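J.: When we follow the numbering used here, the leftmost residue of the sequence shown carries the number -9, and every step to the right adds one.
We put the CB at the ideal spot given by N, CA and C, even for glycine.
The structure presented is a predicted model; accordingly, all values stated were derived computationally and were not measured.
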Amino acid sequence: METEQELLDAIRGGEREAKRRLYERYKGLAIAIAQRYVADYEDVRDVVQDAFVKILTSLDGFRFQGEGTLKAWVSSIVVHEAINHVRSHERMRLTDRLPDEPDDEEEPDVGRVPQAVLNRLVSQLPPGYRMVLNLYVFEQLSHKEIARLLGITPGTSASQYARAKQELAKHINNYLKNNKL
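1. For the putative contact between Ala41 and Val76, defined by C-beta atoms under 8 Å, what is the C-beta separation to the nearest angstrom?
2. Once DSSP output is grouped into helix, strand and coil, what is the label at Glu32?
3. Using the C-alpha atoms, what's the distance from Leu(-2) back to Ser113?
4. If I measure Cβ to Cβ from Leu49 and keep anything under 8 Å in the same chain, skipping five residues before and after, which residues do I get?
5. Take every Cβ of the region 96 to 103, pair it with every Cβ of the region 3 to 11, and state whether three or more of those distances are shorter than 8 Å.
6. So Leu158 and Leu125 are supposed to be a Cβ contact under 8 Å. How far apart are they, rounded?
7. State the DSSP-derived secondary structure class of Asp99, mapped to helix, strand or coil.
8. Go ahead and label Glu71 buried or exposed: buried means 16 or more other beta carbons lie within 10 angstroms of its beta carbon, across all protein chains shown.
9. Cβ of Lys17 within 7 Å of any heavy atom in the ligand SAH?
10. Would DSSP call Leu115 helix, strand or coil?
11. Can you tell me where the alpha helix (DSSP H) holding Ser132 begins and where it ends?
12. Let me know the secondary structure DSSP gives Gln55 once reduced to three states.
13. Ignore the nearest five residues each way along the sequence and tell me which others in Leu139's own chain have a CB closer than 8 Å to its CB.
14. In terms of residues, what are the limits of the alpha helix (DSSP H) holding Thr(-7)?
15. Assuming Ile21 is part of the alpha helix (DSSP H), what are its boundary residues?
16. Keeping to the same chain, check which residues put their C-beta closer than 6 Å to that of Glu80; ignore five residues upstream and five downstream.
17. Does DSSP classify Asn163 as helix, strand or coil?
18. What's the call for Arg120, buried or exposed, on a 16-neighbour Cβ count within 10 Å?
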């Protein structure tokens, strides 16, 4: 398999087929990332398409700094495109209040939930919860970084994350109870 540097050199050298190889190499990753943020599959496809347009038109400005940096850059662009899509297409309610009631739900055994089901349960969270959960868990951003990215306060980010965890735990526990797992 060609390295990221070899792939970039081929693209920058004018090899048309290299752009297709870039797309094929990272489209699965892009779809998986977009699905974490965007609930509707048709919208996921739009986000991925928009992300690859941006990727392919911005390659000249990308600075390669070692193997893995191209993948990270592609991932970052997909995340930003997904966030922009959610902002413009889904109604988000963001609050900086922590949940009023204590979390009485038993901590769910997430390991017993198939990945596809877990992805579906996350996609059912309200957009603000889903976005902050994904940014915190998968992108490993701090609440301060999330706040800066979304234009909210760190307290709002922390609150959204707490509410997302609480709601997701309820969904997971219901799934486990209903499926006797």
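T.: Inspection of the coordinates gives the following:
1. Between Ala41 and Val76 the beta-carbon gap is near 14 Å, outside 8 Å, which marks them as no contact.
2. helix
3. 34 Å
4. Leu(-2), Ile1, Arg2.
5. no
6. That belief does not hold up - the Cβ atoms of Leu158 and Leu125 are roughly 15 Å apart, past 8 Å.
7. coil
8. buried
9. Looking at this structure, you won't find the ligand SAH or any other ligand, since it has none at all.
10. coil
11. Element bounds for Ser132: n/a, residue is neither H nor E.
12. Looking at Gln55 - three-state DSSP - the assignment turns out to be coil, as it is neither helix nor strand.
13. Sequence-distant Cβ neighbours of Leu139 in its own chain, meaning closer than 8 Å and more than five residues away, are Ile73, Leu125, Leu131.
14. Where Thr(-7) is concerned, there is no enclosing alpha helix (DSSP H), given that its DSSP letter is neither H nor E.
15. Start and end: 6 to 27.
16. Pro117
17. Three-state DSSP puts Asn163 in a helix.
18. buried
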